[in-house]
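*Asks:*
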Amino acid sequence: MPMTVNQTMKKFFGFTEFKPGQQEIVDSILSKHDTVAILPTGGGKSLCYQLPALMLPGVTLVISPLIALMKDQVDSLGMQGISSSYINSSLNAAQVKERLYQACRGKYRLLYVAPERLQSEQFDNIMRELPLSLIAIDEAHCVSQWGHDFRPSFLSIGSWVASLKQRPLLAAFTATATTRVREDIINGLGLQQPRIYINSFDRPNLRFSVEKSGGRSRFIREYLQSHPGQAGIIYAATRKEADSLYQELSARGLSVSKYHAGMSNGERNTAQEDFIHDRVQAIVATNAFGLGIDKSNARFVIHHNMPRHLEAYYQEAGRAGRDGEAADCILLYQPADIQVQKYLIEQSVLSPERKGIEYGKLQSMIDYCHTSACLRTYILNYFGETPLTDNCTNCTNCLEYELRDMTVEAQKVLSCVYRMRQQYGISLVAAVLAGSKQKRVLQSGFDRLSTYGIMSDWQTRQIVEFINLLIAEGYLSSSGGKYPVVMLTPAANPVLRGQEKLMIRMIPKPAIDIDTDNDVFEALRALRYTIAQQEQVPPYVVFADSTLREMASFMPRNPEALLQITGVGELKLKKYGQRFIEVICRYIPDDDIEDLPGKTEARPSNAVNSKKGRSIPSRNPKIPTHVISWQMYSEGKSLKEIARERDLTVNTIQSHLVRAAMAGYAMKWEQFISNPQEELILQTVGETGTERLAPVKEALPEDIDYFMIRLALIKNGLLR
Ligand code: ADP
Ligand code: MG
Ligand code: ZN
Numbered sequence: 001m002p003m004t005v006n007q008t009m010k011k012f013f014g015f016t017e018f019k020p021g022q023q024e025i026v027d028s029i030l031s032k033h034d035t036v037a038i039l040p041t042g043g044g045k046s047l048c049y050q051l052p053a054l055m056l057p058g059v060t061l062v063i064s065p066l067i068a069l070m071k072d073q074v075d076s077l078g079m080q081g082i083s084s085s086y087i088n089s090s091l092n093a094a095q096v097k098e099r100l101y102q103a104c105r106g107k108y109r110l111l112y113v114a115p116e117r118l119q120s121e122q123f124d125n126i127m128r129e130l131p132l133s134l135i136a137i138d139e140a141h142c143v144s145q146w147g148h149d150f151r152p153s154f155l156s157i158g159s160w161v162a163s164l165k166q167r168p169l170l171a172a173f174t175a176t177a178t179t180r181v182r183e184d185i186i187n188g189l190g191l192q193q194p195r196i197y198i199n200s201f202d203r204p205n206l207r208f209s210v211e212k213s214g215g216r217s218r219f220i221r222e223y224l225q226s227h228p229g230q231a232g233i234i235y236a237a238t239r240k241e242a243d244s245l246y247q248e249l250s251a252r253g254l255s256v257s258k259y260h261a262g263m264s265n266g267e268r269n270t271a272q273e274d275f276i277h278d279r280v281q282a283i284v285a286t287n288a289f290g291l292g293i294d295k296s297n298a299r300f301v302i303h304h305n306m307p308r309h310l311e312a313y314y315q316e317a318g319r320a321g322r323d324g325e326a327a328d329c330i331l332l333y334q335p336a337d338i339q340v341q342k343y344l345i346e347q348s349v350l351s352p353e354r355k356g357i358e359y360g361k362l363q364s365m366i367d368y369c370h371t372s373a374c375l376r377t378y379i380l381n382y383f384g385e386t387p388l389t390d391n392c393t394n395c396t397n398c399l400e401y402e403l404r405d406m407t408v409e410a411q412k413v414l415s416c417v418y419r420m421r422q423q424y425g426i427s428l429v430a431a432v433l434a435g436s437k438q439k440r441v442l443q444s445g446f447d448r449l450s451t452y453g454i455m456s457d458w459q460t461r462q463i464v465e466f467i468n469l470l471i472a473e474g475y476l477s478s479s480g481g482k483y484p485v486v487m488l489t490p491a492a493n494p495v496l497r498g499q500e501k502l503m504i505r506m507i508p509k510p511a512i513d514i515d516t517d518n519d520v521f522e523a524l525r526a527l528r529y530t531i532a533q534q535e536q537v538p539p540y541v542v543f544a545d546s547t548l549r550e551m552a553s554f555m556p557r558n559p560e561a562l563l564q565i566t567g568v569g570e571l572k573l574k575k576y577g578q579r580f581i582e583v584i585c586r587y588i589p590d591d592d593i594e595d596l597p598g599k600t601e602a603r604p605s606n607a608v609n610s611k612k613g614r615s616i617p618s619r620n621p622k623i624p625t626h627v628i629s630w631q632m633y634s635e636g637k638s639l640k641e642i643a644r645e646r647d648l649t650v651n652t653i654q655s656h657l658v659r660a661a662m663a664g665y666a667m668k669w670e671q672f673i674s675n676p677q678e679e680l681i682l683q684t685v686g687e688t689g690t691e692r693l694a695p696v697k698e699a700l701p702e703d704i705d706y707f708m709i710r711l712a713l714i715k716n717g718l719l720r
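Note that our numbering has the sequence shown beginning at 1, numbered continuously upward.
#1: Taking the alpha carbon of K97 as the point to measure from, which residue in F123, Y483, L118 has its own alpha carbon closest?
#2: Q677 to M662, Cα distance in whole Å?
#3: For A544 and G567, I'd like the C-alpha separation in whole angstroms.
#4: Can you tell which of A282, G266, P387 has its C-alpha closest to the C-alpha of A242?
#5: What residues match up with S85 in a beta bridge as DSSP calls it?
#6: Between which two residues does the beta strand (DSSP E) harbouring Y328 extend?
#7: Would G480 and Y197 be called neighbours here (beta carbons separated by less than 8 Å)?
#8: Secondary structure at F289, three-state DSSP: helix, strand or coil?
#9: Going by DSSP, which residues form a beta bridge with V486?
#10: What do you reckon, are the CB atoms on G425 and Y359 nearer than 8 Å?
#11: Could you check if E17 belongs to the surroundings of the ligand ADP, using beta carbon to heavy atom distance under 7 Å?
#12: With a cut-off of 8 Å, do at least 3 Cβ pairs link the segment 395-403 to the segment 432-439?
#13: Cβ of K11 versus every heavy atom of the ligand ADP: is any distance shorter than 7 Å?
#14: With a threshold of 8 Å between beta-carbons, can D337 be considered close to chain B, or not?
#15: Could you tell me the distance, in whole angstroms, from the CA atom of Q654 to the CA atom of C392?
#16: Going by DSSP, name the residue or residues bridged to T174.
#17: At a cut-off of 7 Å, would you count D138 as near the ligand MG, judging by its Cβ distance to the nearest heavy atom?
#18: Can you confirm whether the segment 156-176 touches the segment 21-38 when touching is taken to mean that 3 or more C-beta pairs between the two stretches lie within less than 8 Å?
#19: Got a sec, what are the start and stop residues for the alpha helix (DSSP H) R216 sits in?
#20: L573 by DSSP, collapsed to three states: which one?
#21: Which term fits C585, buried or exposed, when burial requires 16 or more other beta carbons within 10 angstroms of its beta carbon?
#22: Is A231 helix, strand or coil by DSSP?
#23: In the DSSP assignment, what residue or residues form a beta bridge with M503?
#24: State yes or no: is the C-beta of S46 nearer than 7 Å to some heavy atom of the ligand ADP?
#25: I'd like the span of the alpha helix (DSSP H) that includes A236, first residue to last.
#26: In whole angstroms, what is the alpha-carbon distance linking L189 and R252?
#27: Using a Cβ-Cβ cut-off of 6 Å (strictly less than) and excluding sequence neighbours within five positions of E207, which residues of its own chain qualify?
#28: To the nearest angstrom, how far is it from the Cα of Y49 to the Cα of C104?
#29: With distance defined between alpha-carbon atoms, name the residue in A712, Q363, A317 nearest to L41.
#30: Closer than 7 Å: is that where the CB of R461 sits relative to any heavy atom of the ligand ZN?
#31: For R207, name the three-state secondary structure that DSSP assigns.
#32: Counting pairs of Cβ atoms below 8 Å between the segment 465-479 and the segment 366-374, do you hit three or more?
#33: Please go through the same chain and pick out, in chain order, the residues whose beta-carbon is closer than 8 Å to the beta-carbon of T371, but skip the five residues on each side of it.
#34: Look at the alpha carbon of S156 and the alpha carbon of P115, and state the distance between them as a whole number of angstroms.
#35: So I29 packs on L54, CB below 8 Å; how close in whole Å?
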């Protein structure tokens with residue numbers, strides 16, 4: 001009897017389970033459909049063609065731009081008992097001939113080549129003799145001008161395939177999810193009625209943050225010192241910067257290595273090995289580093305500079321925490337980064353059209369550095385996903401900043417832009433608002449504008465930041481290009497006229513009100529220390545300080561509640577949960593033990609008495625924000641009323657209710673969706689699937705919004 005897919009996977013790859021999305025992709029290929037597979041970096045794309053290669057008759061041709069990785073892949077396939085080979089420019093003519101000969105004899109299941117190889121007559125002749133059953137195109141975004149590394153040679157794949165007598169199956173793989181790239185892949189490669197699989201790009205364990213405070217090397221130094229025993233990558237923009245950062249860090253006794261294309265192969269190998277085997281704490285590298293590195297426990301990726309676009313950023317940052325454990329992705333932003341990237345675009349040999357595209361992407365990257373919205377949501381939106389909530393609770397904007405009414409300040413900026421006739425860049429607008437005596441300001445007579453100096457209580461740097469923020473939030477637009485001009489967008493009108501309030505997340509939240517010498521915290525810390533000793537790991541590996549602090553604040557007393565604490569994952573819950581709960585329960589007065597019926601929400605510790613009898617001041621009950629909204633809703637308030645009372649947008653309240661509904665809180669569905677609407681939504685979902693909501697929304701009438709779609713799905717158990 002032939003082996004099943006699962007048996008084959010276990011036998012050759014040793015995996016018993018598919019990673020998310022893999023099974024569908026493999027099935028699609030095995031049922032002879034052209035396939036587009038979009039999985040994030042580390043999502044396991046290779047298996048998706050390697051496994052079918054073993055199950056289909058004939059040979060699988062793998063086309064990949066990454067010559068450096070071919071040997072690794074072929075070697076590791078060999079270790080698993082799978083015969084494969086590669087043909088690329090690293091081989092001499094005799095070697096190529098030998099391998100082609102072996103391919104003819106049917107020796108290989110998989111053959112790796114770069115796209116340029118298809119132009120070779122010798123290769124082409126042999127391919128026409130082979131029973132090719134599948135062509136897998138890895139890094140398929142290279143076919144698209146909209147992708148981040150366009151390779152013209154990819155454009156020839158489609159016509160080459162079309163010229164074959166017998167058309168093999170085509171499967172394209174990429175980690176780039178934008179619609180444009182996807183369309184280019186389908187058209188550029190000539191895929192026929194492809195099945196498209198997109199797995200969520202969300203990486204919940206990654207904590208995103210943007211640091212704008214300056215002093216980058218000091219930041220990195222302090223980060224490394226305060227995270228001993230944790231390894232990670234530091235990306236610098238240029239070789240020169242990598243060199244100097246490396247020097248500075250090692251001069252201060254930090255254990256780092258460096259990696260860039262200016263070093264010899266040997267040096268780079270050593271650096272990489274040292275990093276992979278934890279012999280150094282961090283590797284300082286340019287973007288030459290990382291492709292094909294499979295170090296799963298990188299705990300941080302720090303970008304010393306802003307990269308050119310989010311595709312590159314997310315790919316590089318995504319190398320942190322591939323093991324699923326918490327990891328930091330920190331971008332150290334300085335305004336000068338923008339100039340560097342613009343310079344690089346200008347200097348490049350790209351066509352004017354391509355330059356325009358690059359400027360657009362750069363602006364999205366700049367906006368990421370300035371948005372006050374959830375950073376994760378921002379990234380996912382960029383890649384075409386619509387996340388469920390706009391508060392991920394695991395990025396700096398969600399964690400550390402509080403919504404604040406900035407209407408008046410925004411009005412000042414917007415009207416200044418207007419009065420300057422929307423013809424100048426950020427720095428001049430800021431200078432006028434700050435009341436600068438610069439020649440350019442005075443010569444143009446801007447000191448006579450009514451907006452001159454109306455923000456003189458701000459530092460110019462802060463005004464620049466704020467203008468960038470308004471661009472990122474869509475109230476202003478930047479013309480892009482070499483000398484960008486700031487202009488008003490339609491969204492600015494209602495703000496200028498005072499019809500709309502502008503709430504922006506920008507003021508640091510007050511730190512959790514807890515004295516760190518509090519007894520509960522100390523007891524938790526003692527327990528953590530004991531565990532760390534037993535397991536021979538540093539204490540923060542068990543739980544971070546912030547996690548203990550949150551525990552001390554919320555006092556979770558059952559596993560479900562403990563799981564709500566940031567930093568408590570399933571595994572740690574299983575390993576340590578019970579012991580931490582025991583400690584917490586020691587500090588809960590007996591009469592406060594019974595739980596709210598039906599709720600697993602962590603509860604605040606209002607009246608915790610210490611062992612010594614010293615009473616800790618009672619804190620504000622900290623109920624999760626979505627639960628507060630839900631409570632107001634269930635008291636009969638309208639969404640608008642709740643939004644007004646809470647100083648939040650209706651959108652936010654909707655997302656709160658969605659979260660509450662998902663957590664099982666009661667909902668009067670018919671208030672939001674009628675029966676026919678619900679039916680229509682379910683019908684549409686039946687056709688489009690539930691992976692992404694944008695296509696569902698598109699297929700539905702205008703008056704059905706995302707909120708209604710989500711509620712309908714939750715009600716029917718289709719969204720979890
Ligand atoms: P991608 O090309 O999508 O970035 P890879 O194909 O390099 O990802 O796979 C990333 C890692 O995941 C590799 O170490 C691979 O061995 C591992 N992997 C792939 N599929 C599975 C699976 N089903 N179970 C466990 N590990 C897997
Ligand atoms: Mg890959
Ligand atoms: Zn967030």
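Note that the Cβ used here is the ideal one computed from N, Cα and C, for glycine as well.
*Replies:* Looking at the atomic coordinates:
#1: F123
#2: 20 Å
#3: 7 Å
#4: A282
#5: L111
#6: The sequence given here places Asp at residue 328; Tyr does not occur at that position. Its beta strand (DSSP E) spans residues 327-332.
#7: no
#8: coil
#9: S478
#10: no
#11: yes
#12: no
#13: no
#14: Judged by its chain identifiers, the structure shown contains no chain B, having just a single protein chain.
#15: 15 Å
#16: I38
#17: yes
#18: yes
#19: 216-226
#20: helix
#21: exposed
#22: coil
#23: D405
#24: yes
#25: Premise fails: A236 is in no alpha helix (DSSP H) and is neither H nor E.
#26: 51 Å
#27: First, the residue type needs correcting, since residue 207 is Arg and not Glu in the sequence shown. Excluding sequence neighbours, R207 sits near D328, N394.
#28: 21 Å
#29: Note on identity: in this sequence residue 41 is Thr, with Leu being the wrong assignment. Among A712, Q363, A317, the Cα nearest to that of T41 is on A317.
#30: no
#31: strand
#32: yes
#33: Y378, N397, L469, A472, E473
#34: 8 Å
#35: Their Cβ separation, rounded to whole angstroms, is 12 Å, which puts I29 and L54 out of contact at 8 Å.
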